[in-house]
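Chains as they are written, first to last, in our numbering: chain A, 1 to 275; chain B, 276 to 708; chain C, 709 to 1360. Here the structure is laid out as structure tokens; the discussion comes afterwards.
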Amino acid sequence: MGADGAASRPRAGVVKLASCDGCQLTLLDLEDELLPITERFELIEFPEATSRRSEGPFDVLLVEGSVSTAEQAEEIVRLRAQTRLLVTIGACAWSGGIQAMRNWADEPSWRASVYPTPDYISSLATSTPVAEHVRVDAELRGCPIDPGQLLELLTALRTGRRPQLPDEAVCLECKRRGTVCVLVARGAPCLGPVTQTGCGAICPAYARACYACFGPREQANVGSLHDWLAAERAPSDVDRLFAGFTAWSEPYREPAGRAGALARERALAREQTDA
Amino acid sequence: MHKTETRNFDIRQLTRVEGEGRLALEVRDGRVVKAQLEIFEAPRYFERLVVGRTPDEVIDIVSRICGICPVAYQMSAVHAFEDLFEVAIDPQVRALRRLFYCGEWIESHALHIYLLHAPDFLGYPSAIELAAEAPAVVERGLRLKRLGNRIVALLGGRAIHPVSVRVGGFSRAPRPAELSEIRKALPAAIADAAETVRWATSLPTPASDRRPRLVALQSPDEYPMNHGRIVSSDGLDLRVSDWRDAFHEEQVPWSNALQARAADGTPYLVGPVARLALNRERLHPLAAEELTATGLGDELWTNVFRSIVGRSVELLHALAEAADLIDAYRPPEVPAIHWLPRPGVAAWATEAPRGLLFHRYVVGEDGLIEDAQIVPPTSQNQAAIEHDLVDFAPSVVDLPRAEAAVRIEQLIRSYDPCISCATHFLDLSVEDR
Amino acid sequence: MVSITPTPLQLLRRGDLAILIGLLRDDGYTVIGPTVRESAIVLDEIRSLADLPAGWTDEQAPGTYRLVPNGTDRLFDYTVGPASPKRFTLPPRVPLATARRGADGTASFEPASPQTPRLAFLGLRACEIAAIQVQDRVLEEGPFVDADYRARRDGSLIIAVQCTRAGATCFCGSMGTGPEVTSGHDLVLTEVGDGFLVASGSPEGTRLLDRLPLAAASEAVVADAAQAVVATRRATQGQVAVTGLRDRLLDQLDSTKWAEIADRCLACTNCTMVCPTCFCTSVSLASDLDGRETVMTRQWDSCFSAGFAKVAGGNFRPRRQDRYRQWLTHKFATWHDQFGTSGCVGCGRCITWCPVGIDVRQELAAIAPPYAPEVVPVAPVAASPDAYSVGTIRATNRETADTVTLAIAPGEERFLATEPGQFVMVELPAFPPLPISVSRVADGALHLTIRSAGPATAALTTLQPGSQVGLRGPLGHGWPIERAVGRDLVIVCGGIGLAPLRPVVDAVLRDRARFGEVLVAFGARTPGDRLYSGEAESWRAGSIEVDQIVDRAGPEWTGQVGVVTQLLDRRDWHERSAVAFVCGPERMMQATVSALRTAGITRRHIFVSIERHMECGIGLCGHCQMGSVFICKDGPVFAVADLGDTFGREGI
């Protein structure tokens, strides 16, 4: 029985691990739909927006952010046990985020370079996706997620249909929009052909290359695109394109790892010359 | 001798702020002797993530420090690089950047005023409950927020983590026709913002009195956003790139966030109140008028809870300036000019919605970043927040715990802390000794 | 289509094109034409002459498109850009209907009625018009018509431009679609120095011309323009071997080359998006939170996208190579079956706009190259049953208890041109003539392997060197050895069935490197009945696998016992390209075909040699018919796929 006494609404929560808040904010940015959403879902836990707290149980829990500390690794397990439908929102939760670049680095040395007293800081060596810790029922990709896709997910929860989250290349959306391909017509290093759509193909519409914030699509043929792009630029520059907001996801992980290793080598070399 | 008594507040996490933290108060003999903001937001090491990247890649990356104020991070970064590379951007691009920042101020301030802070003043756990009682009020806030987002999305491709900021300008400049829908919506929004100032002033507001050192940018002929000198209420005046001459970062054991302090180790305050105090004469006339009409006088900067009014005044200013900027806009010849990197130190500060945001990058011979320092506004406010809490806490520490926590949170929220930026925020525990 | 009497070409000055644009707009048309945007020439609404891309030329190559200024005021010195007319005739998003669902469970559907503008296309090339005509067939000429497409096409005007310059990715001439504009247009322009040569293509076009200020065009100008168009055609010809392309492509469904292309293909859908004939769409739904009102929109989709062939249980085209094969075979092969034309008009967009520069012209040549010319059988000697040529038996060899090979020196040299699989009619005076396959041609002699099954064959097997017989032939069509080049070859025979296949082995051994893995699988009743058993070693020495099985054997036999299909049980040609030649008793062939199909060879690639009662051997006596074919003149070798369901059917 819900608080309003009527047929109870699903108990919904929004929580955050290591992230920038942008994906949660996308929910608050559904300005026209926000109040109708709160009428249909009972927001029992959403620290950014409400002081109302709950430890669960949740019918649906939106999780933003990657697992980056030991506390978070425990917390997500506890939350999973309290949740019927766990939905990861955004690149951090789905793939570890840009901060996953530290997975190839020497985290203690990173900590030491940012914090004068690194021992005060507790952090894992890795930033990993939620799915590497608990079972995930659905995911919204993007950095940040797309408001339309969030709305579609909520609509799907209400109607019972499968959410329409097409696994297509960004190219499909570019061509529907009539955007001229920045890769072919300008030689921009666009990752659209291997990236999952969902954003509405914003970057090429704004005359710049896609940088894959929605992550690799099904059967992303990274090798072929890498070869093509490397014909006109240094292979290490091409590697770095994949070392972005979804670097840890397969199959971006391989070129991203090369970029991470190179950055580590160079940093070491610099430390040695400085020393 | 009093027996030591430990009182624990069981609030784990401060809500309606962005990020995760705790507050630990130590009470001795009835006096609060220590307030520690424990930041347990997980560090993401942005200052290392940008090493080895190009300047344009840095702009995309640092945006992710904060989902509420990505434009601010992009602006501080891009101006730092343009300063080092001696890139003179087109005046229309400069204007577009101000319009971009106006959009973010509008969105961020509206979010904070209506969704995060106002519920405190009216005793609601969130804007959702407020909306049930006063839907028109919340809808006004959402309308304003939406308009701010639309401005950012038009110029940047999307409202959160916009994509078009590049060294030298924008990857794409809007056509005047694309701005017309927004221009048409502005008069009503300006009216809504004026009403916001009045409404914020009328909210039941707790008393407080403190006089922090205020720090902000100051510009001779505009309300400060991307350009100006760093000035303070006690006479500091330096170039933005010289921030480190007057301030430094310290680490404290209880916080994942570094705290910035003045060179002499004392706290200072950045943000809308600081900006207003130091730039009042350059407010847009419409905003200046409403500010005067509040009748608040000095209370605006001495009562921390009045920051909601200060934020509302800036909201109105940003909307009014957006209208002027759109009216004067002509597309630049090219949206971004060509540039070449140079090795050296790129340092700059701009005014994020929450206050001064300082970036410093060391660019190597190969045009890639070798080192970075990013000082968000909230970490510059942290010491001041703790200082104010020590002053404020005695007035509430004897109240029922739940109510004390609400009052303390309301105080902290007056600073509009952005925790993911400063990798922090708040859980409350009080220890009586 | 009203036929228009050709009128002498007239000249419209370049600046006066503005008048045409004005007339069209005044008449209520939305003029769609080329304009520069975002570093390319796209199609968009044209409001004035200034919107047209004066002085621009495009340089296109696989995966690359650049606009360069050419320093002239010419308006059409480029070919085609990423957008095609389908952007306006089959728009990327078209609202279909709104579906409503009441709280009481009722449903209602309200069709959308999108505004369809009256379109006047300015500057379409021949390939684009050909593409429109292709889409007309797809969307309007089937049993169901796309109403929105029809509404946009009805009353649309086309002002075409003939290309006087070919781009590097253009191949309209190869596909027979251009550059000459011959139909589907209302006006056609050819750009010359001072403006445009214009001609009408329809009554509407003529009416427009009447409203334009035209001058006479000089012969020299007309001749130059014609020459430029012809030169453009020549530059676009010869890039795709179109004849028989459909069949060749469908032959290659099992080619290993699809996987090679898939290594490079990104399955990004760009080729299908820019293709002016691709028409696949899907429906997307946008609902309110409660699903009470749903707007249904038709949007462009592509066979390359992951969900295109997905159903609840799985995906019918899970791999990139499956999708590339679907696209290429649809575009160039099955489109013919569906719509009577090729799906490709040679515009080259898929080549330019592929992000990794896959060139469909090269891929077609690699996957479905033209076959080496089929060997044309030599005209038979003494074809008619009233004349026989005399051959003399030079040697005999007893192969098995009941089988003898006669080596016959023919009376005429032409017999020595017998192809593997062909047969001769053999007439021993006083006996009925018999069709016998030639089992080898060597040293000036035809080898005929004959099993004694009745009095006539018995008599032949007892002939001694020096005896003579009458011969007519060579007759029939033999084994298509060229189809096995570059592939695995599987030879399966039973008993005497090895005889017509031995010449295939001889041919393979003469040029072993041209073939993949070669297997001879044969079965006999007993070890003693194995033909040519002495040659098996030399075949093995020539890298041919020889696998034998017998129905029954005594203790001295250490080999396999059973039926020949057992030799195929553990074989798998699913991931390989293979061709099979099968000969033996009909039931054996039927069982073998079944086993080969299970092992992954399709009926298009399995060939059988059929035996029937023959009298004349030249298709005039009617005896050897089987369903639609005459075994003697259409066979005796057939692809199983070509026999429909007559092969294996009782009583045919």
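The C-beta atom is built at its ideal place from N, Cα and C for all residues, glycine as well. Remember, it's a predicted structure, so these values are computed and weren't measured experimentally.
Item                                                                                                                                                                                                                  : Value
Indicate whether at least one CB of chain B lies closer than 8 angstroms to the CB of A:Pro189.                                                                                                                       : no
For the structure I just gave you, are there three or more beta carbon pairs, one from the region 556-565 of chain B and one from the region 346-354 of chain B, closer than 8 angstroms?                             : no
With DSSP as the reference, label C:Asn1105 as helix, strand or coil.                                                                                                                                                 : strand
The alpha helix (DSSP H) that contains A:Gly257, what's its start and end?                                                                                                                                            : Arg253 to Asp274
Can you have a look at B:Val308 and say buried or exposed, based on whether 16 or more other CB atoms are within 10 angstroms of its CB?                                                                              : exposed
Which residues does DSSP list as the beta-bridge partners of C:His1155?                                                                                                                                               : C:Ala1115 and C:Arg1148
Alpha carbon to alpha carbon, how far is C:Arg956 from C:Arg1357? Give it in angstroms, no decimals.                                                                                                                  : 28 angstroms
Taking only runs of the alpha helix (DSSP H) that begin and end inside the region 901-934 of chain C, which ones reach a length of at least 4 residues, in chain order?                                               : 911-918
Confirm, please, whether the CB-CB distance from A:Glu64 to A:Gly90 is below 8 angstroms.                                                                                                                             : yes
Verify the CB distance criterion: does A:Ser8 have a CB-CB separation below 8 angstroms to chain C?                                                                                                                   : no
According to DSSP, is C:Leu997 helix, strand or coil?                                                                                                                                                                 : coil
Let me know the secondary structure DSSP gives A:Thr126 once reduced to three states.                                                                                                                                 : coil
Could you check whether the region 439-455 of chain B touches the region 219-227 of chain A, counting it as contact only if at least three pairs of C-beta atoms, one from each stretch, sit closer than 8 angstroms? : no
Please check if any C-beta of chain D sits within less than 8 angstroms of the C-beta of C:Gly771.                                                                                                                    : Chain labels in this structure do not include chain D; the protein chains are A, B and C.
Taking a Cβ distance cut-off of 8 angstroms, strictly less, list which residues of the region 21-39 of chain A are near chain C, in chain order.                                                                      : Glu33, Pro36 and Ile37
Could you pull the start and end residues of the alpha helix (DSSP H) that C:Thr1165 belongs to?                                                                                                                      : Pro1163 to Thr1169
Report buried or exposed for B:Gln657, applying the criterion of at least 16 other Cβ atoms within 10 angstroms of its Cβ.                                                                                            : buried
Is the CB of A:Gln99 under 8 angstroms away from at least one CB in chain B?                                                                                                                                          : yes
For A:Cys181, decide whether its Cβ has a neighbour in chain C, counting only Cβ atoms nearer than 8 angstroms.                                                                                                       : yes
Beta-carbon of B:Ile583 versus every beta-carbon of chain A: anything under 8 angstroms?                                                                                                                              : no
For C:Cys1201, which beta-bridge partners are listed by DSSP?                                                                                                                                                         : C:Phe1230 and C:Cys1291
Can you pull the chain C residues whose beta carbon is under 8 angstroms from the beta carbon of A:Leu225, in chain order?                                                                                            : Leu974, Pro1063 and Val1064
Flag A:Ile44 as yes if its beta-carbon sits less than 8 angstroms from any beta-carbon of chain B, otherwise no.                                                                                                      : no
DSSP on C:Ile727, reduced to helix/strand/coil?                                                                                                                                                                       : helix
Measuring only the C-alpha atoms, how far is B:Trp380 from C:Val991?                                                                                                                                                  : 39 angstroms
Under DSSP, the alpha helix (DSSP H) around A:Lys307 begins and ends at which residues?                                                                                                                               : Only positions 1 to 275 of chain A appear in this structure, which leaves residue 307 of chain A out of reach.
In angstroms, rounded to a whole number, what distance separates the CA positions of A:Ser8 and B:Leu664?                                                                                                             : 41 angstroms
Let me check understanding here. Comparing Cα to Cα, which of B:Ala627, B:Thr577 and B:Asp602 lies closest to B:Ala659?                                                                                               : B:Thr577
Per DSSP, C:Pro742 is paired with what?                                                                                                                                                                               : C:Leu751
Secondary structure at A:Asp59, three-state DSSP: helix, strand or coil?                                                                                                                                              : strand
In this structure, what does DSSP give as the bridge partners for A:Glu42?                                                                                                                                            : A:Arg11
Could you give the C-beta distance for C:Pro1085 and C:Gln1130, rounded to a whole number, given that I count them as a contact under 8 angstroms?                                                                    : 7 angstroms
Closest Cβ-Cβ distance between B:Leu615 and chain A: below 8 angstroms?                                                                                                                                               : no
Indicate, with yes or no, if the ligand ATP has a heavy atom lying under 7 angstroms from the CB of C:Val1089.                                                                                                        : The ligand ATP is absent from the structure shown, which contains no ligand whatsoever.
What's the call for C:Arg685, buried or exposed, on a 16-neighbour Cβ count within 10 Å?                                                                                                                              : No information on residue 685 of chain C is available, as it lies outside the stretch 709 to 1360 that chain C covers here.
Taking a Cβ distance cut-off of 8 angstroms, strictly less, list which residues of the region 347-370 of chain B are near chain A, in chain order.                                                                    : none
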